[in-house]
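Chemist:
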Amino acid sequence: MKKIFILLVLIPTFCLNINSQELNRKKFYMSAAVENTFKLNNWFNDEMYNDAMFSPSTLAFSFRLDWRIYDNWGIWASYGFANLRKAKAIPPDMNLFDNIDLNDFYMKDRTIVDRKNDMYGFGAKAMIGPFYKHESNRWIFTGSMGFGMGNTGSPRMSYTLKKIDSNLAYDVKYNWFGNKRKDEYKVMGILYAEVKAERKISQKISLSLGMTYTQHFARPEFTARIYDHYDQSLIHEISQKGNYAKALGIVLGVGFW
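If you're matching positions, the sequence shown starts at 7 in my numbering and goes up one per residue.
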């Protein structure tokens with residue numbers, strides 16, 4: 007009887023202790039991180055086309071919210087912004103058509119949309135996806151997968167060539183994301199994966215180190231077209247498909263519990 011009484015006291019106490027631990031496991035976590043990515047490939051294999059594109063290698067800052075839904079599983083969402091870099095601005099006298107000698111023409115009505123010829127630009131991305139966390143003492147190991155949207159520059163240039171001492175005239179157009187792009191940014195889908203190890207340094211703060219993988223879903227398509235200036239009939243076209251840009255990254259973060 008005494009043993010039964012002890013069990014009746016200990017079992018509810020044990021259950022309450024477990025329940026208290028579960029209630030103390032926070033459902034929401036916030037973190038901030040800096041990520042340096044290193045490209046695995048270029049947008050184009052040909053440097054002539056690739057140099058005007060912002061590199062997949064970036065230095066990015068992001069803010070993330072984790073929501074634990076069940077046990078160690080949950081959903082995360084983040085928003086980040088990055089410093090975009092590229093190799094060169096578009097040459098203002100770019101000419102890819104061998105049958106046109108620019109010495110015989112003068113150029114007018116030139117329009118360049120190339121981030122104002124800056125070598126740096128602003129990028130942003132928003133992500134969402136599932137995560138799994140494993141906690142051991144002060145260590146937390148997290149694997150995340152996500153999908154989202156991000157942007158890169160969408161350069162283009164156009165000009166009219168008027169032949170000297172002649173009425174012959176051509177309209178020349180260069181586009182790096184297809185012939186229908188009209189804005190200076192291209193928004194595209196992104197696949198994102200991350201693994202990180204996190205160490206609690208206090209009850210409220212943790213530090214983390216992780217690795218990331220990023221792949222863009224959109225491929226650029228460089229097109230160069232020359233039209234008759236008067237009737238806009240297409241005379242010649244050059245087209246080159248690009249690659250799905252991929253990058254690996256190292257991410258350092260601070261978490262708030």
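Ideal Cβ positions, reconstructed from N, Cα and C, are used throughout, including at glycine.
Ignoring anything shorter than 4 residues or poking outside the segment 20 to 94, list the alpha helix (DSSP H) runs there in chain order.
Modeler: Counting only runs of 4 or more, we get 53 to 56.
Chemist: Are the segment 125 to 136 and the segment 83 to 90 touching, with three or more C-beta to C-beta distances below 8 Å?
Modeler: Touching, yes, given that three or more Cβ pairs across the two stretches are closer than 8 Å.
Chemist: Kindly indicate which three-state DSSP category residue 107 falls into: helix, strand or coil?
Modeler: Residue 107 falls in the coil class under three-state DSSP.
Chemist: In this structure, what does DSSP give as the bridge partners for residue 213?
Modeler: Answer is 205 and 260, bridged to residue 213.
Chemist: Taking the alpha carbon of residue 158 as the point to measure from, which residue in 261, 64 and 172 has its own alpha carbon closest?
Modeler: Nearest of 261, 64 and 172 to residue 158, Cα basis: 64.
Chemist: With distances taken from CA atoms, which of 231, 248, 35 and 259 is nearest residue 104?
Modeler: The option with the nearest alpha carbon to residue 104 is 231.
Chemist: Run the CB neighbour count on residue 148, radius 10 Å, all protein chains shown included, and call it buried at 16 or more, exposed below.
Modeler: Residue 148 is buried by the Cβ-count criterion.
Chemist: Find out if the Cβ-Cβ distance for the pair residue 194, residue 222 is shorter than 9 Å.
Modeler: For residue 194 and residue 222, yes; Cβs fall inside 9 Å.
Chemist: Closer than 7 Å by C-beta to residue 168: which residues in its own chain qualify, once you throw out the five before and the five after it? Chain order, please.
Modeler: Excluding positions up to five away in sequence, the list reads 111, 112, 114 and 175.
Chemist: Looking only at C-alpha atoms, which of 94, 93 and 68 sits nearest to residue 83?
Modeler: The candidate whose alpha carbon is nearest that of residue 83 is 68.
Chemist: Is the beta carbon of residue 196 closer than 9 Å to that of residue 260?
Modeler: Their beta carbons are not under 9 Å apart, which means residue 260 does not touch residue 196 by this criterion.
Chemist: So for residue 145, helix, strand or coil by DSSP?
Modeler: Residue state, collapsed to three classes: strand.
Chemist: Compute the beta-carbon to beta-carbon distance between residue 255 and residue 44, rounded to the nearest angstrom, for a pair I have assumed lies under 8 Å.
Modeler: That pair is a contact at about 7 Å.
Chemist: Which partner residues of residue 162 appear in the DSSP bridge assignment?
Modeler: In DSSP, residue 162 forms a bridge with 119 and 181.
Chemist: Who are the Cβ neighbours of residue 215 in its own chain at under 7 Å, not counting the five residues just before and after it?
Modeler: If we look at residue 215 and ignore the five residues flanking it on each side, its Cβ neighbours are 202, 203 and 258.
Chemist: With distances taken from CA atoms, which of 263, 47, 56 and 135 is nearest residue 79?
Modeler: Here the closest residue by C-alpha is 135.
Chemist: Taking a contact to mean a Cβ-Cβ separation below 9 Å, would you say residue 238 touches residue 177 in this structure?
Modeler: Cβ distance < 9 Å, so residue 238 and residue 177 count as in contact.
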